[in-house]
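Since the structure comes first, as structure tokens, the remarks are kept for the end.
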Amino acid sequence: MHSDRASLGLRIAAVAGLAFLHLPILLIFLYAFTTEERTYAFPPPGLTTQWFAVAWSRPDIWDALLLSLQVAAVATVLAMILGTLVAAAMSRARFFGREQISLLVLLPIALPGVITGIALRSAFGIMDIPFSTWTIILGHATFCIVIVYNNAVARFRRLSGGVMEASADLGANAFQTFRYVLLPNLGTALLAGGMLAFALSFDEVIVTTFTAGQQATLPIWMLEELIRPRQRPVTNVVAMVVFAATFLPILIAYYLTRNGQELAGSGK
Amino acid sequence: MTAAVEFQSVSRHFGPVKAVDSVDLTIAEGAFFAMLGPSGSGKTTCLRLISGFETPTGGAIRIFGEDVSATPPHLRNVNTVFQDYALFPHMNVRDNVAYGLMVKGMGRAARLARAEEMLALVKLDGYGDRKPAQLSGGQRQRVALARALVNEPRVLLLDEPLGALDLKLREAMQDELKALQHRLGITFIFVTHDQHEALSMADSLAVFNEGRIAQIGTPAEIYDRPATRFVADFVGSSNVLPPDLTRALGGPAQWASLRPENTRLAASGPVTGTVTALRYLGSGTRVVLDLGGTEVAALLPAGQPLPEPGAALSIAFDPAALHVMGDAA
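Those protein sequences? They're chains A and B, same order as listed. Under my numbering, the first residue of the first sequence carries the number 54, and numbering increases by one thereafter. Under my numbering, the first residue of the second sequence carries the number 917, and numbering increases by one thereafter.
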């Protein structure tokens, strides 16, 4: 008899694989509540919520969090503007070297972060640009642009050029066409791209290490904190914050683009 | 009476490519006009010159007497049914139809009521809440039609309007478009590469070839008296006879057109050839003969005995059916 259910072995393998991927994340949450502050002994000797209060009252965490939010927000806005413009140019115009430029735009995400980091660091050095919040933002924008571009270019491609002409044909001026036709079709893709870019920027470590100078974003702060065995569970509390700040945007982006496919895949 | 659309030696060149080359054209108000031609013949570019998505590189275009060469598409009182319909995927059918009224600033209640009227006109009442993706090809086409008509254009352009529909639906839509045009009295201009469509729907048509108009006339004129070899061949796949063959068959020493349906097979005649191909068409069979290097087709009605491939035969026809053309290509 034919069965739609997977075999037992396959199901066990799938569950084991998912457990391997996600149990460590649960452990991070668990250790945020442990009473032992120097080692991660299992099982935790006791449970407490005191670390949330401790984390709340430490200014270094607030500084790092604010810096991370600031960097992610500005890098995302930059990426959304530039990424959309590049996508529009790539999908609406034909010019010499278009394919090559498309490859160049995608390159930052294909390159190892170490390479991007070193390249930016030496470029900043040669140009005598001191490390600041802006150097971190520039570093993050390199890959955030790609994320937004990828989302936008796929949507542009699905949106048949005919609908823009149809809008003009029916009497709409350029602004009306943008407002009523282009934006509704592009909106969710841009929002999704922006969310993903924000999440990527928020937990970026490698490029940041090379471009941050003395400042610490939240992930950098966590890395430094793990080396010092003092109030370790505070790091776990912060990890939960990073988790929420990156996971939620990605989840929202996922649902946005899923609906978007139904929306834009209906041109013909 | 002012012509609905008038082209005065209009050209549209893309670099060295002459998509439209010095075209003169007058389309009367209220006409159902077809632009017929193979792909790349310039017919679609002509349509886009009327809608304003192309600007002429030479000549003048007038719509109801007004020179529109510098008027952008959204300010022309001309609407288009696009080949792929180009419905707005994110709007429901009613909002699609009402779009032209919305951008003009008409109030919501008024424009939606008007959209319902237009949907009733194209027999889609009750479909207003659906999204374009939930409609069949034929229904999308009606939506595109309603959307283009809502602005009450004086000229409606249709770009290969029936190209994406299956045969049965296409024939039904041909009759419907014709009836609709009759009822509204609007000038319809449609582009097609399908000669049957052009001949059956249009009051008059222009046959395009390589950016120029090869012939303008009524369907009967074009079909019975093709002006050039190209028109004879493209419209109705006529037999195009070179001058020496025309003379051998009893005509003048000029290019001539002979319709396959007017051609019969004969056991002997002034020129004999061999049967090279037989094509069964259901209502008849198309028999191709090689007459001294020229392929000549004869359409045999169903039920007639068929020759064997390779048989030696000649052709016969009523001398009145032979249409002599000029030497023009």
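Think of the CB as a built atom: it goes at the ideal place given N, C-alpha and C, for glycine as much as any other residue. These numbers come from a predicted model, not from an experiment.
Would the region 221-231 of chain A count as touching the region 1018-1028 of chain B if we require 3 or more Cβ pairs under 8 Å?
Under the Cβ criterion (8 Å, minimum of three pairs), the region 221-231 of chain A counts as touching the region 1018-1028 of chain B.
Classify E1177/B as helix, strand or coil using the three-state DSSP reduction.
DSSP places E1177/B in helix when its eight states are reduced to three.
Exercise for the section: Kindly indicate which three-state DSSP category Q1131/B falls into: helix, strand or coil? Expected result: Residue state, collapsed to three classes: strand.
Does any residue of chain B have a CB that is nearer than 8 Å to the CB of E218/A?
For E218/A, at least one C-beta of chain B is nearer than 8 Å to its own C-beta.
Can you find a CB in chain B that lies within less than 8 Å of the CB of A317/A?
The predicted model places A317/A with a pLDDT of 39, which falls under 50 and marks its position as unreliable, so this point remains unresolved.
Three-state secondary structure (DSSP) of R1145/B: Residue state, collapsed to three classes: helix.
Between the CA atoms of P237/A and A225/A - distance to the nearest angstrom: So the two alpha carbons sit approximately 15 Å from each other.
task = Decide if I190/A is buried, meaning its Cβ has at least 16 other Cβ atoms within 10 Å, or exposed.
result = I190/A counts as buried, since at least 16 other C-beta atoms from the protein chains shown sit within 10 angstroms of its C-beta.
Handout entry: Interface positions of the region 1003-1016 of chain B facing chain A (Cβ-Cβ less than 7 Å), listed along the chain
Key = Result list: F1004, P1005, H1006, Y1015 and G1016.
inquiry  = I need the DSSP call for P1159/B, collapsed to helix, strand or coil.
reply    = Annotated three-state conformation of P1159/B is helix, per DSSP.
- Query: Whose C-alpha, out of G1054/B, A1062/B and M1007/B, is nearest the C-alpha of E1033/B?
  - Reply: E1033/B has its Cα closest to that of A1062/B, out of G1054/B, A1062/B and M1007/B.
Review point. Is DSSP giving T310/A helix, strand or coil here?
Key: DSSP places T310/A in helix when its eight states are reduced to three.
- Alpha carbon to alpha carbon, how far is E277/A from F105/A? Give it in angstroms, no decimals. Near 19 Å, if we compare the C-alpha coordinates of E277/A and F105/A.
Exercise. From the beta carbon of K321/A, is the nearest beta carbon of chain B less than 8 Å away?
Worked result: For K321/A, the predicted structure reports a pLDDT of 29, less than 50, and the residue's modelled location is therefore unreliable. The matter cannot be settled from this model.
Exercise for the section: Could you have a look at A976/B and say whether DSSP puts it in helix, strand or coil? Expected result: DSSP, reduced to helix, strand and coil, places A976/B within a strand of the structure shown.
**Message:** Can you find the residues in the same chain that come closer than 6 Å, C-beta to C-beta, to R58/A, ignoring five residues on each side of it along the sequence?
**Reply:** Taken in chain order, the list of residues that qualify is empty.
- Task: Could you tell me whether any Cβ in chain A is nearer than 8 Å to the Cβ of F1106/B?
- Result: It does not: the Cβ of F1106/B has no partner Cβ on chain A nearer than 8 Å.
- Task: Specify the secondary structure class of P932/B as computed by DSSP and reduced to three states.
- Result: It is coil, neither helix nor strand.
Which partner residues of T1201/B appear in the DSSP bridge assignment? For T1201/B, which the question treats as bridged, DSSP gives the partners Y1196/B and L1216/B.
Exercise. Should the region 993-1006 of chain B be called in touch with the region 1159-1170 of chain B, which here means at least 3 C-beta pairs below 8 Å?
Worked result: By the Cβ rule, the region 993-1006 of chain B does not count as touching the region 1159-1170 of chain B, because fewer than three pairs are nearer than 8 Å.
*Please report the Cβ distance between N289/A and I114/A, rounded to the nearest whole angstrom; I am assuming they are in contact, meaning their Cβ atoms lie under 8 Å.*
With a Cβ gap of about 12 Å, N289/A and I114/A do not count as contacting.
Going by alpha carbons, who is nearest to R1202/B out of G1208/B, L1194/B and M1117/B? Among G1208/B, L1194/B and M1117/B, the Cα nearest to that of R1202/B is on L1194/B.
Assuming V234/A is part of the beta strand (DSSP E), what are its boundary residues?
Counting along the chain, V234/A sits inside no beta strand (DSSP E), nor does DSSP assign it H or E at all.
- prompt: chain B partners of V295/A, CB-CB under 9 Å?
  reply: For V295/A, none of the residues of chain B pass the 9 Å Cβ criterion, the least Cβ distance being about 35 Å.
| task | Could you please give me the residues that DSSP links to F948/B through a beta bridge? | result | Per DSSP, F1104/B.
Cβ of T960/B less than 8 Å from any chain A Cβ?
By this cut-off, T960/B is not an interface position.
Quiz item: So, does the CB of A207/A fall closer than 8 Å to a CB anywhere in chain B?
Solution: Not one chain B Cβ lies under 8 Å of A207/A.
V68/A, DSSP secondary structure in three states: Looking at V68/A - three-state DSSP - the assignment turns out to be helix.
### Query
Can you tell me where the alpha helix (DSSP H) with F228/A in it begins and where it stops?
Counting along the chain, the alpha helix (DSSP H) containing F228/A begins and ends at A227 to T230.
Coil, strand or helix - A132/A by DSSP = The answer is helix: DSSP assigns A132/A an H, G or I state.
Original post:
Which residues share a DSSP beta bridge with L1229/B?
Top reply: According to DSSP, L1229/B bridges with G1189/B.
**Three-state secondary structure (DSSP) of N1125/B** = Annotated three-state conformation of N1125/B is strand, per DSSP.
In this structure, how does DSSP classify T1210/B when only helix, strand and coil are distinguished? It is a strand residue.
* Using DSSP with H/G/I as helix, E/B as strand and the rest coil, what is F73/A? -> Three-state DSSP puts F73/A in a helix.
Checklist entry - For the candidate residues N1067/B, N1155/B, L1037/B and G1079/B, whose alpha-carbon lies nearest to that of T1210/B? => result Taking only the C-alpha atoms, the option nearest T1210/B is N1155/B.
**Message:** Would the region 968-988 of chain B count as touching the region 1138-1149 of chain B if we require 3 or more Cβ pairs under 8 Å?
**Reply:** Fewer than three beta-carbon pairs drawn from the region 968-988 of chain B and the region 1138-1149 of chain B are found closer than 8 Å, and the two stretches are therefore not classed as touching.
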